[in-house]
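Scroll down for the structure; my scribbles are underneath it.
2 protein chains.
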Amino acid sequence: MLKLSKKTDYALMAVQYMASKGTARIVNTKEIAEEYNIPVELLAKVLQKLGKKGLIVSQNGPKGGYVLAKSSTDISVLSVIQAIEGHVGITECYHNEDSTCMQMPRCNIRTPLRNIQNSIYGLLDSMSIEDMKEFGSATIVPQSRLNGHRT
Amino acid sequence: MLKLSKKTDYALMAVQYMASKGTARIVNTKEIAEEYNIPVELLAKVLQKLGKKGLIVSQNGPKGGYVLAKSSTDISVLSVIQAIEGHVGITECYHNEDSTCMQMPRCNIRTPLRNIQNSIYGLLDSMSIEDMKEFGSATIVPQSRLNGHRT
DNA sequence: CCAGTCGCCGACTAAAATAATCGGACTTAG
DNA sequence: CTAAGTCCGATTATTTTAGTCGGCGACTGG
Ligand code: FES
Ligand code: FES
């Protein structure tokens, strides 16, 4: 449930890796792939997508590779995720206009789930790559309305 | 990304539906299935799972069906989700002990992602079925550390 | 006490999403 | 010129999810 795809994992690792080298250092696909045991061709596509989304910039030719397009503090985790996964939601019918969902007419979970989704988005958007690096720990838990349900 | 399975959707709808009738009223699978256009057989399994997890109680025989096992304020959204999806995490390697993940040795996203996951869990756990019913609106967004990244 | 309604369960198939691979074109430093 | 790199679409393999089927067991009302 709520699982990120491997491609997204790869994207996050790659971005984080680039962040760890400065903006000066240019890094290529193979280098990252070997560092994390990722199939090169697959990682290549991931990086290309990130490139197209403007999160990283590419340099062709020998000695080419990628560098972050901006400071790691200015790249949100959400932007990386969305770059790879596109804009999908927490539920099948993304709660958009064009839903073919059979339970639309009577759906009773549409609105509340959208709110939950927004909360999650807010959380992911509030966290930058730099943040990920820094606090591998730290709690960003929303304390509002948290007063102990739990089964 | 981060998508809940249809089964989970069905579970949430069903639970919400039961909550909307009181604990007095016993409701059967067919009734819910028809209300929301859900394939009966599939919904049946979902309800059985919820039963086994103790979220709802079943009544056999004719005039049988299900009722919530406790007040809708005491059933968290998280518990429903976990009842159906089991205990899976935001990433492939659930960040547990037994991961076969190839990038374990050097993984740089393990800890931060676990934190994000915990935040999400906290959010889902803090919301009850009753809450879902009430505020189809309302914001539970964590405002901490939210100061505008966004690409 | 028997018949029909309902829950219970596991195995099965179908469909879709994801992961990974392949083949070939384009770009550029040396 | 050429080798090292990015770029891109198409294809396949694998896994996950969605939905189906068939039979058993529990109960209740007649
Ligand atoms: S599940 Fe599709 S509209 Fe709610
Ligand atoms: S992705 Fe598997 S350990 Fe981090």
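Same order as they appear, the protein sequences are chains U and E. Using the numbering used here, read the first sequence as starting at 1 and increasing by one per residue. Using the numbering used here, read the second sequence as starting at 152 and increasing by one per residue. For glycine and all other residues, C-beta sits at the position ideal for the given N, C-alpha and C. Keep in mind the model is a prediction, meaning the values are calculated, not measured.
- Taking non-hydrogen atoms of ligand 2 into account, the C-beta of Gln254(E) is found less than 7 angstroms away from one of them.
- About 5 angstroms separates the beta carbons of Ser58(U) and Tyr66(U), which is inside the 8 angstroms limit, making them a contact pair.
- Contact with chain E is found for Thr8(U), since one of that chain's Cβ atoms lies less than 8 angstroms from the residue's Cβ.
- The continuous stretches of alpha helix (DSSP H) do not include Gly65(U), which lies in the beta strand (DSSP E) extending over residues Gly65 to Leu68.
- At a threshold of 7 angstroms, Thr91(U) counts as near ligand 1, since its beta carbon sits closer than that to one of the ligand's heavy atoms.
- With a beta-carbon spacing of about 4 angstroms, Met132(U) and Pro263(E) fall inside the 8 angstroms limit used to define contacts.
- In the three-state reduction of the DSSP assignment, Ile280(E) falls in the helix class.
- The Cβ neighbour count for Val77(U), taken over all protein chains shown within 10 Å, is at least 16; the residue is labelled buried.
- At a Cβ-Cβ threshold of 8 angstroms, Val191(E) and Lys181(E) count as neighbours.
- Interface residue (Cβ-Cβ distance to chain U less than 8 angstroms): Gln254(E) is classified as such.
- Residues of the region 13 to 30 of chain U that bring their beta carbon within less than 8 angstroms of a beta carbon in chain E comprise Met13, Gln16, Tyr17 and Ser20, in sequence order.
- Under the Cβ criterion (8 angstroms, minimum of three pairs), the region 219 to 226 of chain E counts as touching the region 165 to 176 of chain E.
- Residue contact with chain U for Glu185(E): absent (no Cβ-Cβ distance below 8 angstroms to any residue of chain U).
- At the C-beta level, Ala83(U) and Leu47(U) stay beyond 8 angstroms of one another.
- For Ser79(U), no beta strand (DSSP E) encloses it; the enclosing alpha helix (DSSP H) starts and ends at Val77 to Glu85.
- Val191(E) carries a helical assignment under DSSP once its states are collapsed to helix, strand and coil.
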